[in-house]
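Numbering of the sequence shown is given in my numbering, commencing with residue -4 and proceeding in unit increments. A virtual CB, placed ideally from N, CA and C, is assigned to each residue, including glycine. Treat the numbers as computed from the prediction; the structure is a model and nothing was measured. Some notes on the structure that comes next.
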Amino acid sequence: MKKHIILIIPIIIWFFYSGIFFVGKPNKRSIDVNYFKNLAHSILNGRFDIDCPGSGCVDLVIYNGKYYLYWPWMPAVVYIPIVAVLGTNTPDILISSIFGALNVFLIIIFIKNFSDKFNMSIRGSEIVLLSFFWALGTVHFYMSMVGSVWFISQIMAQTFLLLSFISLLKWQSIFGFFISGLFFSIAVYTKNDLLFAIFFITGLLYIIYKNNKKEITKKIIAFCMPVLIFTIINF
């Protein structure tokens, strides 16, 4: 598959996600109910609660008169450098569209690596069709265009989960497994229900290493190390 195709497809998709295809310019609207930017602002000021935003403080936890997010905190970490520069008036729909387009790029890489790993011989044209279907024919299309707290966490979580899968397929070293575990941990602490992706990873490892159990033991330990670290940090 030609490299320029891998880059062109996500750019085309980004024109849809960002609104350029529909109105001729990217949607830079800031979304009140993207609480991650508020949490990022609080973290920069040494706090973990947030000030009540203009949304009317809906869908938040109130404890001792303070407002807290009940979502995992990793999207707020992503937002920290953006908020440090722009404040809380961030272009949330634009940011969401960029992550959505990045996911399209990553899904192409994932399919290509999966095909190569298991000798599936999926042709480049078929990968293009699959990526377009995934980008424009699934719920990912809508989620990449909203920018609110629930949707942007879904989009970012997919980014990190795909990076975990790709690392697992591409690098068979202990370091590769550690990186995969790191991205998996970030994905889980972006959207907790992605913890169940461990069943897919387990199945993948069984297929690859079912005849070499001794080798896989060290790699599983390497994968689990960042998972354990993230678990300790959050408890």
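Practice item. Give the single residue among I203, S159, I104 and S139 whose Cα lies nearest to the Cα of I90. Key: S139
Point to revise | Nearest residue (CA-CA) to R24, options I203, F136, G95 and V141 | key: V141
Practice item. Mind checking which residues open and close the beta strand (DSSP E) that includes I275? Key: Look at the range of the chain in this structure, -4 to 230, and you will see that residue 275 is not part of it.
Exercise for review: Pair every Cβ in the segment 73 to 90 with every Cβ in the segment 34 to 50, then say whether three or more of these pairs are closer than 8 Å.
Suggested key: yes
Point to revise | Identity of the residues DSSP links to Y62 by a beta bridge | key: I45 and I57
Review point. Helix, strand or coil: which one does DSSP assign to C52?
Key: coil
Point to revise | For Y184, three-class secondary structure by DSSP | key: coil
Check your understanding: DSSP three-state call for N108: helix, strand or coil?
Key -> helix
Exercise for review: Provide the residue span of the alpha helix (DSSP H) that contains A130, from first to last.
Suggested key: G119 to L131
Check your understanding: Just curious, the alpha helix (DSSP H) that G198 is in, first and last residue?
Key -> I193 to Y204
Check your understanding: Among residues of its own chain, excluding the 5 on either side of I231, which ones have a beta-carbon nearer than 8 Å to its beta-carbon?
Key -> Because residue 231 is not part of the residues shown, which for the chain are -4 to 230, the question remains open.
Check your understanding: Do F113 and I150 come within 8 Å of each other at the CB atom, strictly closer than that value?
Key -> no
Practice item. Assign Q153 to one of three DSSP states: helix, strand, or coil. Key: helix
Check your understanding: Does the segment 157 to 171 come close enough to the segment 92 to 109 that 3 or more CB-CB pairs lie under 8 Å?
Key -> yes
**Study point:** Option in T154, F136, D54 and I0 with minimal Cα separation from L101
**Key:** T154
**Study point:** Beta-carbon gap between D87 and I6 smaller than 8 Å
**Key:** no
Review point. Do you know whose CA, among K205, L131 and V183, lies nearest V99's CA?
Key: L131
Practice item. Return yes when the Cβ of I1 is within less than 8 Å of the Cβ of I103, no when it is not. Key: yes
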